[in-house]
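I have placed the structure first, in the form of structure tokens, so that the comments after it can refer back to it.
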Amino acid sequence: MHIHIFQHVSFEGPGCILDWAETHHHTVTFTRWYEQPEQPDMSEVDFLVIMGGHMSVNDEAEYSWLKTEKQCILEAIRAGKKVLGICLGAQLIATALGANVYVNTEKEIGWFPVVYSTALLPPALAVELPEAQTVFHWHGDTFDLPEGAVCFAASPVTRNQAFLIGHNVMGLQYHFEVTADLLTRMVDDGMEELVPAAYVQDADTIKSEQRYIEGGNITMYRLLDFLTSNYG
Numbered sequence: 007m008h009i010h011i012f013q014h015v016s017f018e019g020p021g022c023i024l025d026w027a028e029t030h031h032h033t034v035t036f037t038r039w040y041e042q043p044e045q046p047d048m049s050e051v052d053f054l055v056i057m058g059g060h061m062s063v064n065d066e067a068e069y070s071w072l073k074t075e076k077q078c079i080l081e082a083i084r085a086g087k088k089v090l091g092i093c094l095g096a097q098l099i100a101t102a103l104g105a106n107v108y109v110n111t112e113k114e115i116g117w118f119p120v121v122y123s124t125a126l127l128p129p130a131l132a133v134e135l136p137e138a139q140t141v142f143h144w145h146g147d148t149f150d151l152p153e154g155a156v157c158f159a160a161s162p163v164t165r166n167q168a169f170l171i172g173h174n175v176m177g178l179q180y181h182f183e184v185t186a187d188l189l190t191r192m193v194d195d196g197m198e199e200l201v202p203a204a205y206v207q208d209a210d211t212i213k214s215e216q217r218y219i220e221g222g223n224i225t226m227y228r229l230l231d232f233l234t235s236n237y238g
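For the sequence shown, this note's numbering gives the first residue as 7, with consecutive numbering after it.
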């Protein structure tokens, strides 16, 4: 399988997704939009993974490549490719499919729980999810669900934390992919965003809660296995 990763900033890489890909002997390539803002050749790509970033999907005036990226995402979905979006990546999927993306009532930055709703999910995915899970958040925007999407996770301030469209397209507002190193890089590069608020933890608290990383990585592997289970 050929996995292509859209990366928006240097400090938000694929984390444990890369470990999963290497374990399964998949080919991995990158478009790093902050270095190479040209439209990539997606013809041989089977699975598109879209990472996070500090920009908004609505920042096309500052990041002109966002328009190109949205078109690439839409074309990948229409072509029936596997598509996974994380944080900004989920928001990009939503806006590419015509849904609204906007500033949330609260920022969520740190380790906070989400509650899963699995009744409308395929059984093969539903059985892999717990009732609730503490996950790592770093987002200030949220989105309405794209047409045909099923929401399967929510938190007190963000009703649409995760969605699935069919068997091929998934969006996650939160970061199952984080490793200890990636978490440290995200915090160190985003210190200016850690302004005290109801759902914003300080740097020391975020870094001290690394016990949740392993569980998030395990769930990430299960989601990746589900998305690719009907490949070929």
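Note that CB positions come from ideal geometry on N, CA and C, so glycine has one too.
- The three-state reading of DSSP puts Gly-146 in strand, counting E and B together.
- Within the model, the alpha-carbon separation for Asp-65 versus Ile-99 is close to 15 Å.
- Distance check between Pro-43 and each of Glu-18, Gly-21, Glu-28 and Cys-78 places Cys-78 closest, using alpha-carbon atoms only.
- A residue is called buried once 16 or more other Cβ atoms fall within 10 Å of its Cβ, and Asn-106, having fewer, is exposed.
- Secondary structure of Trp-117 (DSSP, three-state): strand.
- Within the same chain, Cβ atoms closer than 8 Å to the Cβ of Phe-118 are found at Thr-140, Val-141, His-143, Ser-161 and Tyr-205, the five residues on either side in sequence being excluded.
- In the DSSP annotation of this structure, the continuous segment of the alpha helix (DSSP H) that includes Gln-77 starts and ends at 71–84.
- Rounded to whole angstroms, the gap between the alpha carbons of Gly-222 and Pro-136 is 11 Å.
- When secondary structure is reduced to three states using DSSP, Ala-125 falls in the coil class, being assigned neither helix nor strand.
- Per DSSP, the beta-bridge partners of Arg-38 are Gln-13.
- Its chain contains Val-156, Phe-158 and Leu-170 as the residues whose beta carbon lies nearer than 7 Å to that of Leu-127, once the 5 sequence neighbours on both sides are disregarded; these appear in chain order.
- Around the beta-carbon of His-10, 16 or more other beta-carbon atoms lie within 10 Å, marking it buried.
- For Arg-165, the enclosing beta strand (DSSP E) starts and ends at 164–171.
- It is roughly 32 Å from the alpha-carbon of Val-109 to the alpha-carbon of Trp-26.
- Rounded to the nearest angstrom, the gap between the Cα atoms of Tyr-122 and Val-133 is 11 Å.
- Around the Cβ of Gly-86, a 10 Å sphere holds fewer than 16 other Cβ atoms; the residue is exposed.
- Distance between Glu-153 and Asp-195, taken at the CA atoms: about 35 Å.
- Phe-53 sits in a strand when the DSSP states are folded into three classes.
- Partner residues in the beta bridge of Ala-159, as assigned by DSSP, are Tyr-122 and Ala-168.
- Within the DSSP secondary-structure output, Lys-88 pairs in a beta bridge with Phe-53.
- In the DSSP annotation of this structure, the continuous segment of the beta strand (DSSP E) that includes Val-175 starts and ends at 175–178.
- Secondary structure note for Phe-182: it is in no alpha helix (DSSP H), with a DSSP letter that is neither H nor E.
- Pro-202 is classed as exposed because its beta carbon has fewer than 16 other beta carbons within 10 Å across all chains shown.
- In the structure shown, the three-state DSSP call for Thr-111 is strand.
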